[in-house]
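Residue numbers (UniProt numbering), protein chains in the order written: chain U, 1 to 288; chain H, 1 to 593.
Here a beta-carbon is modelled for each residue, glycine too, at the ideal position from N, C-alpha and C.
Just so it is clear, the structure is predicted and the values come from calculations on it, not from any experiment.
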Amino acid sequence: MAERGGTRGGFGTRGGRGGEGGRGRGEGGRGRGEGGRGDSRGRGRGRRGQRPKDDTTKAWVPVTKLGRLVNDGKIRTLEEIYLFSLPIKEADIIDRLLPDLKDEVLKIMPVQKQTRAGQRTRFKAIVVVGDGKGHIGLGVKCSKEVATAIRGAIILAKLSVIPVRRGYWGNKIGLPHTVPCKVTGSCGSVLVRLIPAPRGTSLVCAPVPKKLLQMAGIQDCWTAAKGCTATLGNFAKATYAAMAATYSYLTPDLWKETVFTKTPFQEYSDHLAIAQKKLTVGVANKNY
Amino acid sequence: MTTTALDMLINHMDKLPVRSVYNVLQNSPRNLHAYLDGVFSKNPNDSRDFHTAQVSLYANYEPEKLLGFLRKAGNYNLQEALAICEVKNLYRETVFLYGRAGNGPVALQIILEQLHDIEEAIKFCRETGSEQLWTRLIEQSVGKPEFIRGLLNHAGSDINLQKLIDSIGADLRIPGLRDSLCKIMQDFNIQMVLLGFIDEPKGGKTGYDDDPSNWTISRIGGQPAYPSEEVSIKLKSCLLCAKCQAEQIFVCQVYCPLEGHKYDRTLYLFACRNPSCWNTSASWTAIRCQKFDETVEESDQIDDAPPATVPVSATDWCDDADAWNSDDNDDGVKIEKKSIPVVTKVKKEIKIEPEIPLSTMTIEDKNEKSSSDEEDEIDVDAKTKSKDKLVPVASIDAFNEWKKTNLKQQTLDSSNSASFPFYYIVIDDEQDVIDEAKLNEKKTLKKKVRQLNAIDEDEDDDSTKGGKEKYEKTPDIEHGDVVFYRFQQKIRYAPDQIIRYDWSGNPLILTKLNANTLSTTQKCRHCQSSCVFEFQLMPALVNFLKIDNQIGLEFGAVFVYTCSANCWNNNNNDLYRFENVFVQADPDQSLFD
């Protein structure tokens, strides 16, 4: 690469001088001897260290505050995030908190759109992730290539991981094995109903919800489905919605209110803190 | 033939086979035409046997519909159709048929001579995509100013601009040349982004450190290196946070001389360490220092610069985005490699037009448009998402308690001598990084893709293939922040980038931004000319701004806008100038406040 006297290092030498044109376009980064390619030194060179290029697993660099907290280990379980309803924006957070998460592709189908130049076909991938211990996620992505669609769908599935509540059909012996109550979820025309079943029943349902229920860690369940269940996307989403509903259902054992008490000293210091901040709505909505 | 009769005939094709009707209607071609037209619109295959006849019928009675028919129908005799169209002087149809027949050059000839439609010609060349055709097109357009202008406007990416411009004679007057050239330069502008990554810290492995007091290196942390002592003395006292008057800490310096500009130029960023001042634009300061450098020649020749990548022209890109998910733009967009010298040559050609400085032209600020477009899209989603949002299980107080125990809130310690750890920055071109990453991905996914292609083939038997499943434009994202999702898509090939440099380009916003918020950065403080976006700091940088192993400074993204005229008063012994900074908070910040 021709160096002009080796003085032009650093970032893009782009744009022109003000007079010549606001959008006068110079070429960018011509002087860049960096990026592992430059050889000669000279004053004003940005670093030319080699970036690790063939890293098989690049360490995760968090981009959001929640990501940083997870990366530093300040948040240890996914339940802490669920408890405070914090939105999860990075898929690596789930990777870190649920290391034994498995993913499975439910279906890849081509979808078409009519354009002036004929038909455009893209591939839609539906992926379900789950760890078999009460977490399930469902992702749908459409893309021109199959691999891209699958990768995108896996990321979306991880972002949509929710907890699934499991309960008992009768006696509370052993670990929970079925849904805690009859729950229903719907998407489009499909309605899926999950009904608790005694131990040993195994999953009595169509293959699509079966896969989802298995990945969530539900061992026994009866199901009833209505609508056009041939649309796999809607069927899967309806089952996902039904599983999401397990934690929104108020069962008698949750009747007793959890009172979050505070020591008077804390209350006092909180009061000072609140006085400085703008009054939040939450203060008015105190549960006690 | 009345419409009721037509309807009856067409709707009862099973009882009244097409052939019998055809035979009967032989005597009245007009009615026959109407009938066959109806049959064809209902189902092209039903009138298969008569397509050739239909060609002549359309040509006689409804020539406007002929092209549509030719495109859709399959069973007509090309030769005959050609003959009919030529007799009737139906040029567009002839062009289409020649294209179908594989006879590109003849078709091109007809377009240029009979139709004089350069855009049609370009479309045709693009569809056929053959190099030869383009060359012929260029040859043909020599000496025809409208053609050249059309070519410049629409075919910027498909042809070798160099050749075209060379072929323009020096004294040829081309109306609207200036606008076409600007458009081309704008197109070039789209993807030449430079990314900065963390390189080793001081005293790192390669053991060959650049002098840390060298002010022409890009780095983060440590102490800033100024072009002269005076600057450091003068600045020491005035780098105070606008909110809390505490002394600001040095974040990074970026060496970024401008093309064709005889100055060494560096930008310095300072921020306030006070946790209550984080994520606010007022607590950041950007300084620009310049020094005249004679050794730089103002060149218009670039000898062996590496070829740069040029995207498809602006309009094509947008079409694609509208039709499908805009995330997948980089998967399929055709990108050609071009040599840069074109741009400088283009500059010379401006002499053809009367000289009007380009800066006075109004080119829309893409900046504002893009953010407002996304805004419109997102509004609907955000609203619905907020309705469905569940109230958190734990009360706000419980959360505050949890925060207290787990996130030790930092208090600003008064040791002013603290500084961030010193790292150099390594710079790479975004396009190269992406290409490389894609290549690596392809290698690792080869096996997987083969497996998946196998799955794909099984689906052919499935009757619901594509029928009931619909394309979903915006992916259904649980957290509802589509803008952040798009941001992540953009950086997915290089998530550890800490600086994104794109002079007069568009900032990559982190979350939804209101259209007015960036207006504070639009004017230069010193010379009142407008400011352009220069570079931004990415959230990945926060991980490296640690003091005593604790995060010392937080932000989402920091956008630096600099004077577009690069004002500097050499004679007046200017030491430094202030620039505008806009800080976008971390998307999660509102939750943790």
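Sequence-distant residues of the same chain with beta carbon closer than 8 Å to residue i, five excluded per side
i	result
Val106 (chain H)	Tyr98
Ser529 (chain H)	Lys523, Cys563, Ser564, Ala565, Cys567
Thr64 (chain U)	Lys89, Glu90
Ser386 (chain H)	Below a pLDDT of 50, predicted positions are generally treated as unreliable, and Ser386 (chain H), at 39, falls in that range; the measurement from the model is reported next regardless. So the list reads Gly480, once near-sequence residues are dropped.
Ile195 (chain U)	Val179, Lys182, Cys221, Trp222, Thr223, Ala224
Ile110 (chain H)	Tyr91, Thr94, Val95, Tyr98
First through last residue of the beta strand (DSSP E) which encompasses residue i
i	result
Gly196 (chain H)	194 to 201
Asp211 (chain H)	Per DSSP, Asp211 (chain H) belongs to no beta strand (DSSP E) and is neither H nor E.
Val129 (chain U)	118 to 130
Asp428 (chain H)	423 to 429
Leu194 (chain U)	190 to 195
Ser143 (chain U)	135 to 143
Glu580 (chain H)	Here residue 580 (chain H) is Asn; the residue named in the question, Glu, does not match the sequence. Where Asn580 (chain H) is concerned, the enclosing beta strand (DSSP E) stretches over 577 to 584.
Pro29 (chain H)	It is not in any beta strand (DSSP E) - Pro29 (chain H) instead sits in the alpha helix (DSSP H) that spans 29 to 42.
Leu537 (chain H)	531 to 537
Asp264 (chain H)	263 to 271
Cys238 (chain H)	Unbroken run through Cys238 (chain H) is the alpha helix (DSSP H), 229 to 238; no beta strand (DSSP E).
Met109 (chain U)	102 to 115
Exposure of residue i, with buried meaning 16 or more beta-carbon neighbours within 10 Å
i	result
Glu146 (chain H)	exposed
Asn569 (chain H)	exposed
Ser218 (chain H)	buried
Thr216 (chain H)	buried
Trp284 (chain H)	buried
Arg265 (chain H)	buried
Glu579 (chain H)	buried
Asp586 (chain H)	buried
Residues that residue i contacts on chain U, provided the C-beta gap is smaller than 8 Å
i	result
Cys241 (chain H)	Going along chain U, no residue has its Cβ under 8 Å from Cys241 (chain H), so there is no contact; the nearest lies around 18 Å.
Lys470 (chain H)	Val111
Ile551 (chain H)	Arg68
Phe250 (chain H)	The premise fails here: Phe250 (chain H) is roughly 17 Å from chain U at the closest Cβ pair, so nothing lies under 8 Å.
Alpha helix (DSSP H) segment containing residue i, residue limits
i	result
Cys181 (chain U)	Looking at the DSSP string, Cys181 (chain U) is not in any alpha helix (DSSP H), and its letter there is neither H nor E.
Val21 (chain H)	18 to 24
residue 602 (chain H)	The structure shown does not extend to residue 602 (chain H), since chain H is modelled only from 1 to 593, so the question has no answer here.
Thr405 (chain H)	396 to 406
Lys211 (chain U)	207 to 216
Listed by chain order, chain U residues near residue i by CB distance under 9 Å
i	result
Gln140 (chain H)	Within 9 Å Cβ-Cβ: nothing; Gln140 (chain H) doesn't reach chain U, min ~25 Å.
Glu478 (chain H)	Pro87, Ile88, Gly137, Leu156, Leu159, Ser160, Val161, Ile162
Glu554 (chain H)	Lys65, Arg68
Asn274 (chain H)	Those within 9 Å of Asn274 (chain H) in chain U number zero; the least Cβ separation is about 14 Å.
Closest residue to residue i among the options (Cα-Cα distance)
i	options	result
Arg577 (chain H)	H:Glu554, H:Pro587, H:Val583, H:Tyr561	H:Tyr561
Gln79 (chain H)	H:Glu93, H:Asn506, H:Ser141	H:Glu93
Arg166 (chain U)	U:His177, U:Leu159, U:Gly233, U:Met109	U:His177
Leu6 (chain H)	H:Asn27, H:Gln26, H:Leu32, H:Asn23	H:Leu32
Leu195 (chain H)	H:Tyr501, H:Asp574, H:Val581, H:Ala515	H:Tyr501
Thr121 (chain U)	U:Glu145, U:Val204, U:Asp95, U:Thr258	U:Glu145
Val426 (chain H)	H:Asp435, H:Asp496, H:Ile491, H:Phe420	H:Asp496
Glu200 (chain H)	H:Gly221, H:Leu108, H:Leu267	H:Gly221
Lys237 (chain U)	U:Leu66, U:Val140, U:Leu101, U:Leu69	U:Val140
residue 612 (chain H)	H:Asn103, H:Leu591, H:Ile122	No answer is possible for residue 612 (chain H): it lies beyond the span of chain H, which begins at 1 and ends at 593.
Asp14 (chain H)	H:Thr3, H:Leu25, H:Ser47	H:Ser47
Ala271 (chain H)	H:Leu108, H:Asn573, H:Gly552, H:Lys470	H:Gly552
Gly200 (chain U)	U:Pro209, U:Gln219, U:Asp100	U:Gln219
Asn60 (chain H)	H:Cys527, H:Tyr35, H:Pro29, H:Gln488	H:Pro29
Contact set between residue i and chain U, taken where Cβ atoms lie within less than 7 Å
i	result
Phe40 (chain H)	Simply none; closest approach about 18 Å.
Ala540 (chain H)	Val61, Val63
Asp586 (chain H)	Thr64, Lys65
Gln245 (chain H)	Going along chain U, no residue has its Cβ under 7 Å from Gln245 (chain H), so there is no contact; the nearest lies around 18 Å.
Leu591 (chain H)	Leu86
6 Å CB neighbourhood of residue i in its chain, flanking five on each side removed
i	result
Lys124 (chain U)	Met109, Val111, Cys142
Arg193 (chain U)	Thr184, Ala224
Val161 (chain U)	Ile94, His135, Gly137
Pro507 (chain H)	Phe533, Gln536, Phe559
Closer than 8 Å to chain A by CB, residue i
i	result
Ser130 (chain H)	The chain inventory of the structure shown lacks chain A, comprising the protein chains U and H.
Sequence-distant residues of the same chain with beta carbon closer than 7 Å to residue i, five excluded per side
i	result
Ser281 (chain H)	Val581, Phe582, Val583
Asn171 (chain U)	none
Under 7 Å from the C-beta of residue i: neighbouring residues of chain H
i	result
Phe235 (chain U)	In chain order: nothing, as chain H lies at least about 11 Å away.
Amino acids of chain H, ordered along the chain, whose beta-carbon sits closer than 8 Å to that of residue i
i	result
Lys141 (chain U)	Pro475
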